[in-house]
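Quick note, the sequence shown lines up with residues 180 to 432 if you use our numbering. For each residue, glycine too, the CB sits at the ideal point set by N, CA and C. Quantities reported herein were computed from a predicted structural model and do not represent experimental measurements. First up is the structure itself, then whatever we jot down about it.
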Amino acid sequence: MTMVTEQSATVDDQNPPTMRPRRVVLKLSGEVFGGGAVGVDPDVVQALARQIATVNRRGIQVAVVVGGGNFFRGAELQKRGMDRNRADYMGMLGTVMNCLALQDFLEKEGIETRVQTAITMAQVAEPYIPLRAIRHLEKGRVVIFGAGAGMPYFSTDTVTAQRALEIHADMVLMSKNGVDGVYTADPRIDPDARKLEHITFQEVIQRGLRVADQAAFSLCEENKLRMLVFGADGDDTIVRACAGEKIGTLITA
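See the structure below:
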């Protein structure tokens, strides 16, 4: 059973969870977009767009990385005999469909939005260019990153950390489906699992806590980039996370 020390739950003075970020990269799960089913649930995407619009209007610069699990998961398709490279590219295209859906609902909220993709598709999106993304954010636009890293074997969790570093974000926000933070064990299996308010990246990696990919944790740890893991459920979780409220679990170096 994976356990974490009590000391991990104490927030240190250098990384207060109440610090409001200036620029964030928000990771949204593809499963959330589908509302638990294959495809896109317009009501769910509209609710997400409203929260992101609220954050944007408060002056926080928001970039978004969207998963594609409501359409395809490369690793799962590989288990059924499909070539992993091809399966991963299918997953990347699935993320772009989610990006376009989110863009549409954000613009209906009156928020200027740009989609940038790691795979060139000029008819529907800009190519991913970090300096251009930063300029969009400075102009008050929301930027949505699609198609993952544009290469197989890279998860959208890892891409989220990488994009955050390239655009000089203050924090990574991991919105998780089905869990509201980091626990000492899987709360769906262990009734004694405790939710942690704070933990370090090193301890997450050492203890094997499966909240996001280890590559994402390593990137954030090496570059001292804070990560907040919180639940996707609720009408205001993204707003609260961006406001610096005590929500979810803060992971720091």
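Which value, in whole angstroms, describes the spacing of the CA atoms of Val-302 and Asp-369? Reading the sequence as shown, one finds Gln at residue 302 and not Val. Between Gln-302 and Asp-369, the C-alpha separation is close to 48 Å.
Can you give the beta carbon distance from Ala-420 to Leu-375, rounded, assuming they're within the 8 Å contact cut? Contact doesn't hold; Cβ gap of about 16 Å is too wide.
Do you know offhand how far Gly-209's Cα is from Gly-247's? Looking at the two C-alpha atoms, the distance is approximately 4 Å.
For Thr-337, collect the residues of the same chain with a Cβ closer than 8 Å to its Cβ; drop the 5 residues on either side in sequence, then sort them by chain order. Within the same chain, Thr-337 has close Cβ partners Ala-328, Asp-392, Ala-394, Ala-395 and Leu-398.
Option in Gln-385, Met-350 and Asp-349 with minimal Cα separation from Thr-363: Relative to the Cα of Thr-363, the nearest Cα in the group Gln-385, Met-350 and Asp-349 belongs to Gln-385.
Starting from Ser-397, trace the alpha helix (DSSP H) both ways and give me its first and last residue. Its alpha helix (DSSP H) spans residues 393 to 401.
With burial defined as no fewer than 16 other Cβ atoms inside 10 Å of the residue's Cβ, what is the status of Met-271: buried or exposed? That one is buried.
What does the alpha-carbon distance come out to for the pair Met-406 and Asp-412? Whole-angstrom Cα-Cα distance: 18 Å.
Nearest by alpha-carbon distance to Thr-428: which of Asp-414, Leu-207, Phe-380 and Lys-403 is it? Ranking Asp-414, Leu-207, Phe-380 and Lys-403 by CA distance to the CA of Thr-428 puts Phe-380 first.
How many Å lie between Leu-207 and Ser-354 at the Cα? If you take the alpha carbons of Leu-207 and Ser-354, they lie about 6 Å apart.
Just tell me which of Asp-365, Pro-221, Ala-297 and Val-358 has its CA closest to the CA of Thr-335. Per the Cα distances, Ala-297.
Candidates Asp-359, Thr-431, Thr-292 and Ile-231: closest to Ile-313 by CA position: If we check each option's Cα against that of Ile-313, Thr-292 comes out closest.
Near Val-408, which residues of its chain fall below 7 Å by C-beta distance, leaving aside the five closest residues on each side in sequence? These residues qualify, in order along the chain: Met-353, Lys-355, Gly-360, Val-361, Val-390, Gly-427, Thr-428 and Ile-430.
Spell out a yes or no on whether the region 271 to 280 and the region 234 to 250 are touching, meaning 3 or more CB-CB pairs, one atom from each, closer than 8 Å. Output reads yes: the region 234 to 250 touches the region 271 to 280.
Just to confirm before moving on: does the CB-CB distance between Pro-441 and Arg-263 stay below 8 Å? Nothing can be reported for residue 441, as the shown portion of the chain is limited to 180 through 432.
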